[in-house]
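> One structure follows; several queries about it will come next.
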Amino acid sequence: MKVTVGKTLFLLVLLAVVLFPTYSRVQKLKAKDKAFLERVERLKIENERLTQENRMLRDDPVYIEEVAREKLKVARENEIVFRVINEDE
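Under this note's numbering, the sequence shown has 10 at position 24, and the numbering climbs by one with no breaks.
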């Protein structure tokens, strides 16, 4: 009986030593897969946002004017622009 228990224990230890690196690698790959899937989701959302902004820049004159005023500091003809300066800046 002791020989059977000893052999069983030896086999279990041997299996653990052989399988642990594989199990560890599988866990690391699962974590990487999860991270990649999350990144893909974030990129899909960003892509949708950029597609919508592109569409608005092509087709929406109100949005085009808003972007021109905010980012390019463009004013309409005969329009006076007042710039407010904070004393803290």
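Note that CB positions come from ideal geometry on N, CA and C, so glycine has one too.
#1: Hey, would you say E49 sits closer than 8 Å to L58, going by beta carbons?
#2: For A61 versus V67, is the C-beta distance shorter than 8 Å?
#3: Does DSSP classify K59 as helix, strand or coil?
#4: What is the DSSP secondary structure of R41, counted as helix, strand or coil?
According to the structure data:
#1: A small correction: the amino acid at residue 49 is Tyr; Glu does not occupy that position in the sequence shown. Not a contact, by the Cβ cut-off of 8 Å.
#2: yes
#3: coil
#4: helix
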